[in-house]
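In the numbering used here, the protein residues as written are 29 to 501.
Structure first, commentary second.
Pasting the structure below:
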């Protein structure tokens, strides 16, 4: 085959994102490349061949030893050259394999199988191995970095926001714990679903027609072959393995991808000039803008979201690949090949988020500035709750009007409440009951109204840290 510079490749995955993720993509290519596709197909063919040799030939141990080098012998170049003649990928593969096996074995190559027995089975293996060997460890690293940040910043005060507006005080560790929890739930599910991908050796329509004239128990033959490959048979197959096994895995990966994109979006917005609560690492030689030298753009976070936007529509294709007419049509032939690109996009996003979290700078001064920017205004909810708990039926309206006066006159909430002696008295009474502090002390520091933010951050970090450790053990 002709070799060319990767800068002439069409897919950005094969030049731009390969250069940005060289080590990662070198791992992925062991499972998701075209070379890997052929190698895994050979592995399936070899497993079938060994099972037939054990049943059909004498002196099978000698032959089985000879077959051990089969996978290393077959090259993509040979298969593609042969496909130019056959115009059929699996038949081309079969022709090439026959050149590397003993003559007495040659008739048994691919015997009883249809193309998709090999393709769907090898595809399940490739996706399983890519997910378990590359994606899950990388996802675990991202989760661990989030856990570390949650623990470190569990007490760091931050203004909570809803609708882009200041709401009530929380901690930055609590904000990170959201993603610890959401991403942490996807890990065991992805692990479980990747371990439940299926294979098949049930023939052209899934009814074991061919293998039923080869062996007494076709299902036992199927189980033997798939067991060697670490798969279970599809409960029911046409020419295709039931597509839902792969679809469910992709949906769970997409769930994790969405959480990742949401985290990236939050980190991106927290880097706005007017917010400035976190900062991505910026190297000494790095350039933020081709014309504005002062710029330090949150481009890594933006990159993660952009990858998510690219990948998400691919899930609709996975849904459409559920449908095949009768026992099989060919409408999933091209579309299903792009699952490899989807997985590579997710891996690239994980790798970029790992880079972000590994060097993220929490700007504590920015956090303090934003928290104090509206004074004690963000404690209005607390005032309303305490007042209502003390029996004031119009508590919400009283505090609403007080905050209106604060806006109009530029005074603090504490001052506005003190100007209402009966209200202030009830607040003093209620706060002494529940918080063991007077109203002046309570309203002087937003840290007094963070609820269980620190505890939730600590608890979630501990839970998911243990969960990761238990799985790794």
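Each residue gets a CB set at the ideal place from its N, CA and C atoms; glycine is no exception.
| task | Indicate the three-state DSSP secondary structure (helix, strand or coil) for residue 339 in the structure shown. | result | Residue 339 falls in the helix class under three-state DSSP.
| Expressed to the nearest angstrom, what Euclidean distance is found between the alpha-carbon atoms of residue 393 and residue 304? | For residue 393 and residue 304, the distance between alpha carbons rounds to 9 Å.
| query | What is the rounded straight-line gap between the Cα of residue 235 and the Cα of residue 72? | reply | In this structure, the alpha-carbon of residue 235 lies about 19 Å from that of residue 72.
| task | Starting from residue 197, trace the beta strand (DSSP E) both ways and give me its first and last residue. | result | Following the DSSP letters along the chain, one finds residue 197 inside the beta strand (DSSP E) bounded by residues 193 to 199.
| field | Rounded distance between the beta-carbons of residue 427 and residue 415, thought under 8 Å | value | Their Cβ separation, rounded to whole angstroms, is 7 Å, which keeps residue 415 and residue 427 in contact under 8 Å.
| field | Identity of the residue in 120, 151, 369 and 422 nearest residue 137 by Cα | value | Out of 120, 151, 369 and 422, 120 has the C-alpha closest to the C-alpha of residue 137.
| query | Can the beta-carbon of residue 254 be found closer than 9 Å to that of residue 228? | reply | Going by C-beta atoms, residue 254 is nearer than 9 Å to residue 228.
| Quick one: is residue 186 buried, meaning 16 or more other Cβ sit within 10 Å of its Cβ, or exposed? | Within 10 angstroms of the beta-carbon of residue 186 lie 16 or more other beta-carbons, which makes it buried.
| query | Taking the alpha-carbon positions, what's the residue 349 to residue 166 distance? | reply | If you draw a straight line from the Cα of residue 349 to the Cα of residue 166, it comes to about 28 Å.
| query | At which residue ranges does the segment 141 to 189 contain complete alpha helix (DSSP H) runs of 4 or more residues, listed in the order of the chain? | reply | Correct list: 143 to 158 and 164 to 180.
| request: With a floor of 4 residues, list each alpha helix (DSSP H) that falls wholly inside the segment 203 to 281, ordered by position along the chain. | output: Whole alpha helix (DSSP H) segments, 4+ residues: 246 to 256.
| request: Would you check if the distance between the CB atom of residue 411 and the CB atom of residue 471 is smaller than 9 Å? | output: Cβ distance < 9 Å, so residue 411 and residue 471 count as in contact.
| query | DSSP three-state call for residue 323: helix, strand or coil? | reply | It is coil, neither helix nor strand.
| task | Count the other CB atoms, across all protein chains shown, that sit within 10 Å of the CB of residue 267; report buried if there are 16 or more and exposed otherwise. | result | So residue 267 ends up on the buried side.
| Buried or exposed (CB count within 10 angstroms, at least 16 for buried), residue 199 | Counting of Cβ neighbours within 10 angstroms places residue 199 among the buried residues, the total reaching 16 or more.
| query | Nearest to residue 388 by CA position, among 342, 328 and 433, is which residue? | reply | Nearest of 342, 328 and 433 to residue 388, Cα basis: 328.
| When we look at the beta-carbon of residue 462 and count the other beta-carbons within 10 Å, is it buried (16 or more) or exposed? | By the neighbour-count rule (16 or more Cβ atoms within 10 Å), residue 462 is not buried but exposed.
| Contacts around residue 148, its chain only, beta-carbon distance under 7 Å, and the 5 residues preceding and following it disregarded | Only 227, 228, 268 and 269 meet the Cβ criterion.
| Can you tell me the Cα-Cα spacing of residue 286 and residue 191, whole angstroms? | C-alpha separation (whole angstroms): 20 Å.
| request: Enumerate in chain order the residues of its own chain whose CB-to-CB distance from residue 431 is below 6 Å, with the five nearest sequence positions on each side excluded. | output: 408.
| task | Please go through the same chain and pick out, in chain order, the residues whose beta-carbon is closer than 6 Å to the beta-carbon of residue 355, but skip the five residues on each side of it. | result | If the five residues before and after residue 355 are omitted, its C-beta is found closer than 6 Å to the C-beta atoms of 233, 266 and 267, all from its own chain and listed in chain order.
| How about residue 248 and residue 384: do their beta carbons lie closer than 9 Å? | Between residue 248 and residue 384, the C-beta spacing is not below 9 Å.
| 8 Å Cβ shell around residue 295 - same chain, five flanking residues per side excluded | Excluding residues within five positions, the ones whose Cβ falls inside 8 Å are 306, 308, 326, 329, 384 and 388.
| said: Quick check for students: name the residue ranges of the beta strand (DSSP E) that lie wholly in the segment 83 to 150, counting only runs of 3 or more. | reply: Counting only runs of 3 or more, we get nothing.
| field | Three-state class that DSSP yields for residue 463 in the structure shown | value | Here residue 463 sits in coil by DSSP.
| Three or more C-beta pairs below 8 Å linking the segment 121 to 129 and the segment 99 to 107 | Counting Cβ pairs under 8 Å, three or more are found: they touch.
| query | Going by DSSP, which residues form a beta bridge with residue 389? | reply | Residue 389 is bridged to 307.
| query | Taking Cβ to Cβ, would you say residue 281 is nearer than 9 Å to residue 162? | reply | In terms of Cβ geometry, residue 281 and residue 162 do not form a close pair [threshold 9 Å].
| First and last residue of the alpha helix (DSSP H) that includes residue 436? | Run containing residue 436: 423 to 437, per the alpha helix (DSSP H) assignment.
| field | Nonlocal neighbours in the same chain, by C-beta distance under 6 Å from residue 298, ignoring five residues either side | value | Cβ neighbours of residue 298 beyond the five flanking positions: 305 and 306.
| message | Quick check: what's the CA-CA separation for residue 340 versus residue 364? | response | Their backbone Cα atoms lie some 15 Å apart in a straight line.
| said: Buried or exposed for residue 429, going by 16 or more other Cβ atoms inside 10 Å? | reply: With fewer than 16 Cβ atoms within 10 Å of its Cβ, residue 429 is classed as exposed.
| Spatially closest choice to residue 276 from 221, 154, 230 and 79, by CA coordinates | Closest option to residue 276, Cα to Cα, is 221.
| query | Which same chain residues, not among the five before or five after residue 465, have their C-beta less than 8 Å away from its C-beta? | reply | 459 and 476, listed in sequence order.
| query | Using the beta-carbon count (16 or more within 10 Å), is residue 379 buried or exposed? | reply | The residue in question, residue 379, is buried, as its Cβ has 16 or more Cβ neighbours within 10 Å.
| Roughly how many angstroms separate the alpha carbons of residue 184 and residue 398, rounded to a whole number? | Put simply, the backbone Cα of residue 184 is about 13 Å away from that of residue 398.
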